[in-house]
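So the protein sequences, as listed, match chains A, B and C.
So for the first sequence, the numbering used here puts the first residue at 22; every next one is plus one.
So for the second sequence, the numbering used here puts the first residue at 84; every next one is plus one.
So for the third sequence, the numbering used here puts the first residue at 136; every next one is plus one.
Where is the CB? At the ideal position from N, CA and C, for every residue including glycine.
Notes to accompany the following structure.
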Amino acid sequence: EYSAFQNPLFRPGLDYWLETKRTLLQPHDTMPAEMAAQLESSLLNCPDSLDADTPKLYQTPLSLPHPTSIFFPNETIRLVSNDPVDPAKNHQKHNDIYSRTSMGRIMSKFDLDTLFFIFYHYQGTYEQFLAARELTIRGWQFNKLNRCWFYKEVEKLPPGMEQTEEVSWRYFDYQKSWLARRCGADFIYREEEFERI
Amino acid sequence: TSQEKMFLVFTEWVKLLQRVPDDDIKVTVFIRQMMDKGVVNSTENVIQFTKAAIELSVGSFKESDPTSEVFIAADAFSKLIVKLLVLQTFTDVSRSEYLRLMLSVITMVFSEDQGMVGNSFNERPYFRLISSLLCQWEEASAHSFMKIQDQQYRNELVEFSPDFYNIIASFLHAFQPIAYPGFSFAWITLLSHRMFLPKMLRLPGKAGWSKLVLLFTDLLKFMAQYTKRSDVPDAVSVVYKGALRVFLAVANDAPGFLVENHYELLNNLPPVYMQLRNVILSAIPKNMVLPNPYDAELRIGDVESCQHVPNVYYDPVRDLKNLKKPVDNYLRIPSASLSRVVSTSLFKPGSQKDTGIGYDNVSVDTKLINAIVLHVGIEAALEKDKTTATAIFNTKSSYYTLLASMLHDGNTEVRFHVVQAIANQLRYPNAHTHWFNYVLNNFFLSEDWGNNTAEIQEIIVRTLLERVVTNKPHCWGIVVTFTELLRSSECSIMTLPFVKTVPEIEHIIKHL
Amino acid sequence: LGIDLTPVLHSLGISSDANGRQRVLDTFPSPWVETSRSEVEPRFFIPE
Chain A
22 EYSAFQNPLF RPGLDYWLET KRTLLQPHDT MPAEMAAQLE SSLLNCPDSL
72 DADTPKLYQT PLSLPHPTSI FFPNETIRLV SNDPVDPAKN HQKHNDIYSR
122 TSMGRIMSKF DLDTLFFIFY HYQGTYEQFL AARELTIRGW QFNKLNRCWF
172 YKEVEKLPPG MEQTEEVSWR YFDYQKSWLA RRCGADFIYR EEEFERI
Chain B
84 TSQEKMFLVF TEWVKLLQRV PDDDIKVTVF IRQMMDKGVV NSTENVIQFT
134 KAAIELSVGS FKESDPTSEV FIAADAFSKL IVKLLVLQTF TDVSRSEYLR
184 LMLSVITMVF SEDQGMVGNS FNERPYFRLI SSLLCQWEEA SAHSFMKIQD
234 QQYRNELVEF SPDFYNIIAS FLHAFQPIAY PGFSFAWITL LSHRMFLPKM
284 LRLPGKAGWS KLVLLFTDLL KFMAQYTKRS DVPDAVSVVY KGALRVFLAV
334 ANDAPGFLVE NHYELLNNLP PVYMQLRNVI LSAIPKNMVL PNPYDAELRI
384 GDVESCQHVP NVYYDPVRDL KNLKKPVDNY LRIPSASLSR VVSTSLFKPG
434 SQKDTGIGYD NVSVDTKLIN AIVLHVGIEA ALEKDKTTAT AIFNTKSSYY
484 TLLASMLHDG NTEVRFHVVQ AIANQLRYPN AHTHWFNYVL NNFFLSEDWG
534 NNTAEIQEII VRTLLERVVT NKPHCWGIVV TFTELLRSSE CSIMTLPFVK
584 TVPEIEHIIK HL
Chain C
136 LGIDLTPVLH SLGISSDANG RQRVLDTFPS PWVETSRSEV EPRFFIPE
């Protein structure tokens with residue numbers, strides 16, 4: 022009497038759906054041939070990690086795919102090395118879920134220039150996220166207002182001086198010089214201006 | 084026809100998403116137009132549109148060249164579902180009902196495709212649709228829907244998100260392998276999906292645990308149903324390998340889930356999967372350090388964490404049914420008549436399939452026995468907290484005598500399953516492990532069994548032995564208990580008849 | 136008797152020393168080694 026059973030749009034799917042309820046209520050004692058065949062075909066079509074990957078419908082053409090040799094692997098390189106946990110890597114992000122991925126590992130080998138390039142040119146992508154994560158690990162901070170990355174330089178002063186250390190700030194100038202430049206003396210660090218990544 | 088119109092709209096949607104990023108205003112305008120022009124403004128139209136979209140998504144997968152992007156339509160469809168859930172205001176129907184409606188339509192198409200005999204059903208497009216739906220929802224809901232400006236709206240969506248995952252879980256429950264064998268491997272991959280399983284494990288207030296236990300028991304039931312001692316179909320053994328890896332990953336990431344749900348999971352796990360059983364029972368709370376179980380100086384009562392009562396997520400008392408009263412009455416005021424009621428209720432009409440080591444079916448109600456044993460343990464631990472330790476650590480206590488009477492009045496099969504149920508509670512150091520260790524030790528040394536003594540001792544040794552000869556992991560409580568028995572001065576295992584008659588066993592025991 | 140789980144744990148990226156315990160489910164590619172031939176993109180968040 023349910024309206025769904027009267028709805029032609031649900032036919033004939035509903036009958037097949039009901040059939041599955043029967044096998045749930047009285048499972049076959051031994052697997053019938055047809056079910057074994059269905060299981061076999063499911064095994065053959067088993068989805069793999071590429072099927073499970075995050076969908077990418079629209080890819081901004083960042084760098085036109087330059088022709089690579091057919092021998093290049095078309096999947097990300099698997100940096101599967103279980104190098105012992107480096108004690109120097111004690112940043113709390115070193116234990117996060119990205120630290121053991123190949124991309125995460127590859128980023129840790131890039132120099133600042135490359136990380137800045139990825140950050141400013143791969144907007145909204147996973148790569149941009151990883152570049153920002155790596156920059157943060159290296160002590161850089163992102164300013165939400167002027168969208169620059171800043172770095173606080175602490176210089177130990179020799180003993181005897183009235184101060185023990187001198188602090189200076191640098192920022193990466195992505196708009197003009199594409200260089201890290203010293204901040205002017207008038208620079209004031211305001212925490213609320215910086216992103217908490 | 085109206086169906087062709089629906090096909091056209093969906094095709095336009097797919098094209099649009101390939102040309103602009105999904106946060107482009109044109110995408111929102113498209114959804115707006117769908118609503119204004121009546122494409123999704125009624126239940127009937129939502130059904131028609133969803134049917135068209137799933138048919139096109141699956142169709143385009145089947146027709147595409149396998150090396151091309153075969154999932155574009157499925158990905159676009161999952162994106163559309165998320166957009167419709169996020170961008171629409173829901174007044175006459177709720178978001179949950181709306182999502183259920185679309186998933187129900189998908190289920191009908193899926194059931195026909197999977198169920199048609201001689202059909203070349205392929206699980207992958209359906210897998211991809213749900214996988215992408217999970218990925219897109221994760222992206223939309225990240226950081227409490229940070230991308231949604233309107234605060235009130237965000238709160239609504241944040242509140243809906245646990246329902247989203249539980250609705251997906253309930254449809255996965257419908258798609259379980261026993262019901263849809265052609266979807267089995269996709270199903271296991273979805274159950275362990277990185278955008279699903281961690282979420283269900285960590286929803287606030289364990290809001291995902293009930294459905295998650297249901298899904299894991301669906302998996303175990305499927306394995307139980309088609310695992311025979313004599314033969315295990317290849318596909319089922321592949322299912323087992325996948326299940327083992329998933330359980331190991333859960334034990335690593337969220338051991339608390341296994342710690343609190345061991346009772347229900349074991350109720351559905353065929354005992355023949357001894358190692359998987361040990362994986363589940365060896366889970367220990369995060370950051371707990373176990374004292375060395377082989378340490379001769381170890382006194383289980385001195386281990387601090389043995390004072391803590393472990394949390395059992397699903398209360399076994401719910402499985403006692405009409406035995407709850409007799410059991411609880413007996414625990415309060417023991418009487419022979421009550422214990423007889425319990426002992427005679429343990430049998431099940433006919434025999435049940437239950438693939439164990441050395442047997443294929445059982446004529447006792449193993450679930451009921453598991454429930455009684457764990458319930459008594461839970462009550463004993465509560466009693467100890469209320470009164471004193473001696474109230475339960477004595478062989479005259481009703482908790483102890485009820486289990487003893489089940490052994491005394493039971494037959495071999497009952498004894499075996501009662502001892503198994505006790506052994507399942509010998510886990511990491513906690514109040515249950517502590518008490519059941521006491522019970523098993525006293526069962527082993529007791530003089531009250533008359534001429535059943537040898538049999539009961541053999542059952543105890545066999546139960547412990549089969550859990551330690553299996554490849555690791557081994558349960559801390561099992562090792563401690565077995566070590567104590569091996570060292571027991573009051574009764575040397577080596578002299579027991581059943582050890583001496585089987586040289587291999589004698590050798591193993593001597594080695595241990 | 137089950138199997139030696141060491142290679143299985145290794146394939147999952149689960150280190151045996153407890154303190155190195157890192158979550159694996161967030162980057163879990165697939166239940167089987169044979170179908171885990173590439174890494175999968177985990178969840179991530181980019182602030183506005």
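Test item: CB-CB of residue i and residue j under 8 Å
{"i": "C:G137", "j": "B:T553", "result": "yes"}
{"i": "B:L280", "j": "C:L144", "result": "no"}
{"i": "B:Q540", "j": "B:F519", "result": "no"}
{"i": "A:A73", "j": "C:P164", "result": "yes"}
{"i": "C:Q157", "j": "A:N167", "result": "no"}
{"i": "B:T133", "j": "B:V188", "result": "yes"}
{"i": "B:T566", "j": "B:Y323", "result": "no"}
{"i": "B:Y309", "j": "B:A269", "result": "no"}
{"i": "B:G291", "j": "B:K304", "result": "no"}
{"i": "B:A157", "j": "B:F144", "result": "yes"}
{"i": "A:P68", "j": "B:T190", "result": "no"}
{"i": "A:K11", "j": "A:E214", "result": "Missing from the structure shown is residue 11 of chain A; chain A here goes from 22 to 218 and no further."}
{"i": "B:Q101", "j": "B:I155", "result": "yes"}
Test: residue i CB closer than 8 Å to a CB of chain A
{"i": "C:I181", "result": "yes"}
{"i": "C:S165", "result": "yes"}
{"i": "C:T141", "result": "no"}
{"i": "C:S173", "result": "yes"}
{"i": "C:G148", "result": "yes"}
{"i": "B:V333", "result": "no"}
{"i": "B:M191", "result": "yes"}
{"i": "B:K134", "result": "yes"}
{"i": "B:D175", "result": "no"}
{"i": "B:P104", "result": "yes"}
{"i": "B:N205", "result": "yes"}
DSSP bridge partner residues for residue i (one or two, in chain order)
{"i": "B:N444", "result": "B:K436"}
{"i": "A:K177", "result": "A:E186"}
{"i": "A:F225", "result": "Nothing about residue 225 of chain A can be read from this structure; chain A reaches only from 22 to 218."}
{"i": "B:F430", "result": "B:V447"}
Boundaries of the alpha helix (DSSP H) in which residue i is found, first to last residue
{"i": "B:W532", "result": "That residue, B:W532, is in no alpha helix (DSSP H); it is neither H nor E in DSSP."}
{"i": "A:L46", "result": "34-46"}
{"i": "A:Q59", "result": "54-65"}
{"i": "C:P246", "result": "In this structure chain C extends from 136 to 183, so residue 246 of chain C is not present and cannot be described."}
{"i": "B:N344", "result": "338-351"}
{"i": "B:I455", "result": "449-469"}
{"i": "B:N249", "result": "234-257"}
{"i": "B:K218", "result": "It is worth fixing the name first, because residue 218 of chain B is Cys in this sequence and not Lys. Counting along the chain, the alpha helix (DSSP H) containing B:C218 begins and ends at 207-228."}
{"i": "B:V501", "result": "495-506"}
{"i": "A:Q80", "result": "Neither: A:Q80 is in no alpha helix (DSSP H) and is coded neither H nor E."}
{"i": "B:M596", "result": "Lying before the first or after the last residue shown, residue 596 of chain B is absent from chain B, which here runs from 84 to 595."}
{"i": "B:A366", "result": "No alpha helix (DSSP H) contains B:A366, which DSSP labels as neither H nor E."}
{"i": "B:R401", "result": "From DSSP, B:R401 is part of no alpha helix (DSSP H); its letter is neither H nor E."}
{"i": "B:L168", "result": "155-170"}
{"i": "B:G198", "result": "178-198"}
Contact with chain B by residue i, beta-carbon distance below 8 Å
{"i": "A:P88", "result": "no"}
{"i": "A:Q59", "result": "yes"}
{"i": "A:M56", "result": "yes"}
Residue range of the beta strand (DSSP E) that includes residue i
{"i": "A:R191", "result": "186-194"}
{"i": "A:A201", "result": "200-203"}
Proximity test, Cβ basis, 8 Å: residue i and chain C
{"i": "B:E239", "result": "no"}
{"i": "B:G265", "result": "no"}
{"i": "A:L71", "result": "yes"}
{"i": "B:A506", "result": "no"}
{"i": "B:K467", "result": "no"}
{"i": "A:Y147", "result": "yes"}
{"i": "A:R121", "result": "yes"}
Chain F contact for residue i (CB, 8 Å cutoff)
{"i": "B:A379", "result": "Checking the listed chains, one finds no chain F in this structure; the protein chains it contains are A, B and C."}
Considering only residues of the segment 112-175 of chain A, which uninterrupted alpha helix (DSSP H) runs meet the minimum length of 4 residues and lie entirely inside it, listed in chain order?
With a minimum length of 4 residues, the continuous alpha helix (DSSP H) runs that stay inside the segment 112-175 of chain A are 123-128, 133-142, 147-158.
Minimum length 4: unbroken alpha helix (DSSP H) runs contained in the segment 285-327 of chain B
Unbroken alpha helix (DSSP H) runs of no fewer than 4 residues, entirely contained in the segment 285-327 of chain B, are found at 292-308, following chain order.
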